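Chains as they are written, first to last, in my numbering: chain A, 189 to 436; chain B, 8 to 152.
Okay, here's the thing in structure tokens:
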């Protein structure tokens, strides 16, 4: 799990009187998201970092529309069917399950339509690697001793078509990791590499650096230690570099 | 129609008349005969056909811990609040289609519609605890362009 550090920029708050002074870093990289200070006499039990903590806990819970789109949950009586945005939904099985719950044909058709539409939303999905029956794995206990047990299923996530390097022990861990990775590569934050390549193409042979700045919450560009202003354009929902201009 | 921001909410937030952090923001569950999903123009809640949920244990919900956050990666502002739960919500006359979030002022004639949040499928709660779980990107967003 990536290391998340919450920051309260008190200096910014004092200097600008801006309410938005909480943010967080993931493995040192800025999230590029600002939150208000939640401290208030009206809510004495609410901590100052309540809003940023809420966002972080939702990401750790795997609740990210960036990663998974909207996940529809249909609740009928005491039963629940969660139609997920993963590719491996078994439409026939879901249809049977919904029919057993008493949904009519029109409602079943609607749920399946949404499931198919939702498959194409969100950038991520979870892949389960089932353990081979009879396979045994050796684990190391806290005491240092080893123990053999039946192998368990492993999980990976796929984001923008690329599979995660690490494997996870549970689907929940994989969803959390995917959510955080999707969040940290959203919008312009995911285009730092593209900006770096743009600079290297514009200024071949020169020292170029593109990065997300933790202080200013923007993507910054430097060529030979001279800063350039970046103008971004969004086409078809995707950000790209429009032009750069030397800052005087 | 997909989830959207009402025109009156856009103008009132820009003029400073609607403060999403401080005003009394509430949630109405609407069933499938509502016009809240297609009418962006009505200035007051009573101008919409709500087709408000009529199942057992339903009541309008006040949002808690509202916050407006700045998303610099996407050049937008995001409105967020705590998840909303209605316990043991019975079925209504029709299935629920979505939620209208509005600025409450005394009566529906004085209140202002804010956002329409469409559920990804129409829903019968069937007596279960009904929870709307907002995700990390919040309830609604307003982009700079």
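By construction, the Cβ of each residue, glycine as well, lies at the ideal position given by its N, Cα and C atoms. It should be emphasised that the depicted structure is a prediction, and the values quoted were computed from it without experimental measurement.
Please report the Cβ distance between residue i and residue j, rounded to the nearest whole angstrom; I am assuming they are in contact, meaning their Cβ atoms lie under 8 angstroms.
i: residue 111 of chain B; j: residue 33 of chain B; result: 5 angstroms
i: residue 76 of chain B; j: residue 87 of chain B; result: 6 angstroms
i: residue 254 of chain A; j: residue 311 of chain A; result: 7 angstroms
i: residue 398 of chain A; j: residue 377 of chain A; result: The Cβ separation is near 12 angstroms, so there is no contact.
i: residue 119 of chain B; j: residue 50 of chain B; result: 7 angstroms
i: residue 81 of chain B; j: residue 216 of chain A; result: Between residue 216 of chain A and residue 81 of chain B the Cβ distance is about 21 angstroms, and since that is not below 8 angstroms, they are no contact.
i: residue 192 of chain A; j: residue 212 of chain A; result: 6 angstroms
i: residue 84 of chain B; j: residue 148 of chain B; result: 7 angstroms
Name, please, each residue of chain A whose Cβ falls closer than 8 angstroms to the Cβ of residue i.
i: residue 76 of chain B; result: 208, 221, 222, 223, 224, 239 and 243
i: residue 110 of chain B; result: Result: empty, since nearest Cβ-Cβ is about 18 angstroms, beyond 8 angstroms.
Residues in the same chain with beta-carbon distance under 8 angstroms from residue i, minus the five sequence neighbours each way, listed in chain order, please.
i: residue 339 of chain A; result: 319, 320, 323, 324 and 325
i: residue 90 of chain B; result: 138, 139, 140 and 141
i: residue 423 of chain A; result: none
Within its chain, find whatever has a CB closer than 7 angstroms to the CB of residue i; leave out the 5 residues flanking it on each side and keep chain order.
i: residue 124 of chain B; result: 10, 105, 106, 108 and 146
i: residue 263 of chain A; result: Because the pLDDT of residue 263 of chain A is 42, which lies under 50, any placement of that residue in the model is unreliable, and the number read from its coordinates should be weighed accordingly. Excluding sequence neighbours, residue 263 of chain A sits near nothing in its chain.
i: residue 53 of chain B; result: 115 and 116
i: residue 287 of chain A; result: 296
i: residue 435 of chain A; result: 415, 416 and 417
What does residue i reach in chain A if we use C-beta pairs closer than 9 angstroms?
i: residue 61 of chain B; result: Neighbours of residue 61 of chain B on chain A: none; closest Cβ ~18 angstroms, over 9 angstroms.
i: residue 72 of chain B; result: 226, 231, 234, 238, 239 and 242
Measuring CA to CA, which of the options is closest to residue i?
i: residue 349 of chain A; options: A/327, A/361 and A/370; result: A/370
i: residue 144 of chain B; options: A/378, A/383, A/280 and A/244; result: A/244
i: residue 366 of chain A; options: A/313, A/336 and A/331; result: A/313
Identify the contact partners of residue i in chain B, using a Cβ-Cβ distance below 7 angstroms as the criterion.
i: residue 376 of chain A; result: 80
i: residue 387 of chain A; result: None at all; the shortest Cβ gap to chain B is about 19 angstroms.
i: residue 371 of chain A; result: 143
Given that residue i touches chain B, what residues does it touch there, using C-beta distances under 8 angstroms?
i: residue 253 of chain A; result: 142, 143 and 144
i: residue 406 of chain A; result: 79
i: residue 247 of chain A; result: 143
i: residue 367 of chain A; result: 143
Apart from the five residues just before and just after residue i, which ones in its own chain have a Cβ nearer than 6 angstroms to its Cβ?
i: residue 226 of chain A; result: 234, 236, 238 and 239
i: residue 395 of chain A; result: 412
i: residue 94 of chain B; result: 136
Run the proximity test for residue i: is its beta-carbon closer than 7 angstroms to any non-hydrogen atom belonging to the ligand GDP?
i: residue 128 of chain B; result: Absence of the ligand GDP is noted for the structure shown, with no ligands found whatsoever.
Fill in: the stretch 413 to 421 of chain A touching the stretch 97 to 108 of chain B, judged by at least three CB pairs closer than 8 angstroms
no
Worksheet item: Taking one C-beta from the stretch 237 to 246 of chain A and one from the stretch 208 to 223 of chain A each time, how about it: are there three or more such pairs within less than 8 angstroms?
Response: yes
Worksheet item: Is it a yes or a no for the stretch 353 to 362 of chain A touching the stretch 63 to 76 of chain B, going by three-plus beta-carbon pairs under 8 angstroms?
Response: no
Discussion item. Would you call the stretch 341 to 355 of chain A in contact with the stretch 381 to 390 of chain A, where contact means no fewer than 3 C-beta pairs closer than 8 angstroms?
Written reply: no
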